[in-house]
Amino acid sequence: MAAGDLPGATGPSGPTGPAGSRPPPAAAHVPHPAPQAATRLKRAAPSTRRPDDGHMAEIVLIRHGETEWSAAGRHTSYTDLELTENGEFQARAAGERLKDRNFAAVISSPRRRALRTADLAGLTVTETTEDLAEWNYGKYEGITTLTIHESDPGWWLWRDGAPEGESPDQVAARLDRALAHARTFLPRGDVALIAHGHSLRAAGARWLGLPVEYGGRLRLGTATISTLSFEHGREAIATWNA
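Take 1 as the starting number for the sequence shown in the UniProt record's numbering and just add one per residue.
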């Protein structure tokens, strides 16, 4: 058969090659194994059912009420401020929303603003821990982000940390400890953690297994209540900034 008789042929330089040549055989089909999903590391978790009603036990995050510095947007970590009058009102209101919960443990930052919030909310603190203290702002203590950006325009706490204070990795390590400790109480019931804006936002990110930096995307007002829970056995956020 002449090259011109082959279907689709265009002569010596056409797709069938030189005149009179045969088209190359089709490549053999070699099946490829289906890609395997990446292995996920599963964390063993205790039973998280409340012993009283069988519902899922949760970790409840409570940010302290307003202080003068929080109202002004000034970074507050180790400075031990009292609540404002409005902050005390906020704490009592939070207590009203929590009155139907029976906590197996109430764990607080040792700062007065956190302890006072617990007291006004009607919660009995069972222990305090520095692991729940606010992110140490170092030389940026008491300064607003706007002022910091005048000398360091690109600074972002969640990525850069605080000079002479804490890095994101340091904050992640202690919030991981705080959450691991809180988990040990879940077989007995809900757990309350009373702390600060940035430390609780970091806790929210770490609960989901995310870097601390993601906490910078979670807004959290004073005296708000957030709930760390589970969905089909995996860590989830049930409510946030409520």
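Glycine included, every Cβ here is placed at the ideal spot set by N, Cα and C.
When Thr147, His149, Arg111, Gly95 are compared against Trp135, the one with the closest alpha-carbon
Counting from one through the sequence shown, the residue named residue 135 turns up at place 135. Selected option, being the one with the closest Cα: Arg111.
Please look up how many angstroms separate the CB atoms of Gly142 and Arg74, rounded, as I've assumed it's under 8 Å.
For the purposes of this step, residue 142 is taken as residue 142 along the sequence shown, with counting starting at 1. For the purposes of this step, residue 74 is taken as residue 74 along the sequence shown, with counting starting at 1. That pair is a contact at about 5 Å.
DSSP three-state label for Leu152, please.
Your numbering for residue 152 matches position 152 in the sequence shown. Reading the sequence as shown, one finds Asp at residue 152 and not Leu. DSSP, reduced to helix, strand and coil, places Asp152 outside both helices and strands of the structure shown, so it counts as coil.
Going by the DSSP bridge assignment, what does Ser199 pair with across the sheet?
Here the question's residue 199 lines up with position 199 in the sequence shown. Answer by DSSP bridge pairing: none, since Ser199 is not bridged.
With burial defined as no fewer than 16 other Cβ atoms inside 10 Å of the residue's Cβ, what is the status of Tyr78: buried or exposed?
In the sequence shown, residue 78 corresponds to position 78, counting from 1. For Tyr78, the number of other beta carbons within 10 angstroms of its own is below 16, and it is reported as exposed.
Euclidean distance between Cα positions of Asp131 and His181:
In the sequence shown, residue 131 corresponds to position 131, counting from 1. In the sequence shown, residue 181 corresponds to position 181, counting from 1. In a straight line, the C-alpha of Asp131 is about 10 Å away from that of His181.
Anticipated Cβ contact below 8 Å, Leu218 with Arg201, distance rounded:
Position 218 of the sequence shown, counted from the start, is the residue given in the question as residue 218. Position 201 of the sequence shown, counted from the start, is the residue given in the question as residue 201. Contact between Leu218 and Arg201 holds: their C-beta atoms lie close to 5 Å from each other, under 8 Å.
Among residues of its own chain, excluding the 5 on either side of Thr224, which ones have a beta-carbon nearer than 7 Å to its beta-carbon?
Here residue 224 is taken as the residue at index 224 of the sequence shown, counted from 1. Around Thr224: Arg63, Asn241, Ala242.
Proximity of Ala105 and Ala195 at Cβ, strictly below 7 Å
If you number the sequence shown from 1, residue 105 lands on position 105. If you number the sequence shown from 1, residue 195 lands on position 195. No, they are not a contact pair.
Suppose the cutoff is 6 Å on Cβ atoms and the five residues either side in sequence are ignored; what does the same chain contact list for Arg92 look like?
Numbered from 1 along the sequence shown, position 92 holds the residue referred to as residue 92. Contacts found: Leu120.
Would Pro168 be called buried (16 or more neighbouring beta carbons within 10 Å of its own) or exposed?
Within the sequence shown, residue 168 is the residue found at index 168, counting from 1. With 16 or more neighbouring CB atoms inside 10 Å of its own CB, Pro168 falls in the buried class.
Nearest-angstrom Cα separation, counted from Trp69 out to Thr144:
In the sequence shown, residue 144 corresponds to position 144, counting from 1. In the sequence shown, residue 69 corresponds to position 69, counting from 1. Between Thr144 and Trp69, the C-alpha separation is close to 9 Å.
So that I know if they touch, is there some Cβ in chain B lying closer than 7 Å to that of Gly189?
Looking for chain B here will not work: only one protein chain is present.
Alpha-carbon spacing of Glu66 relative to Ala57, whole angstroms
Position 66 of the sequence shown, counted from the start, is the residue given in the question as residue 66. Position 57 of the sequence shown, counted from the start, is the residue given in the question as residue 57. One C-alpha to the other measures close to 28 Å.
Starting from the C-beta of Lys139, find all residues in its chain whose C-beta is less than 8 Å away, skip the five residues before and the five after it, and write them out in chain order.
As a working note, residue 139 is residue 139 in the sequence shown. When the five nearest sequence neighbours on each side are left out, the beta carbons in the same chain lying within less than 8 Å of the beta carbon of Lys139 are those of Ala162, Pro163, Glu164, Gly165, in order along the chain.
Helix, strand or coil for Thr76 per DSSP?
Stepping through the sequence shown from its first residue, residue 76 is reached at position 76. Three-state DSSP puts Thr76 in coil, outside helix and strand.
Given that a residue counts as buried once 16 or more other Cβ atoms are within 10 Å of its Cβ, and exposed if not, what is Gly215?
Locating residue 215 in the sequence shown gives position 215, counting from the first residue. By the 10 Å Cβ count, Gly215 comes out buried.
Close Cβ partners of Tyr137 (< 7 Å) along its chain, the five nearest in sequence each way excluded:
The count along the sequence shown starts at 1 and reaches residue 137 at position 137. Excluding sequence neighbours, Tyr137 sits near His75, Ser77, Ala162, Gly165.
For the alpha helix (DSSP H) that Glu96 lies in, which residues bound it at each end?
The residue labelled residue 96 in the question sits at position 96 within the sequence shown. Looking at the DSSP string, the run of the alpha helix (DSSP H) that includes Glu96 is 85 to 98.
Going straight from the alpha carbon of Asp152 to that of Arg159, what length do you get?
Here residue 152 refers to the residue found at position 152 of the sequence shown. Here residue 159 refers to the residue found at position 159 of the sequence shown. For Asp152 and Arg159, the distance between alpha carbons rounds to 13 Å.
Per DSSP, cross-strand counterpart(s) of Val106
Numbered from its first residue, the sequence shown carries residue 106 at position 106. Ala192, per the DSSP bridge assignment.
Please report the residue range of the beta strand (DSSP E) in which Leu218 lies.
As a working mapping, residue 218 is identified with position 218 in the sequence shown. Where Leu218 is concerned, there is no enclosing beta strand (DSSP E), given that its DSSP letter is neither H nor E.
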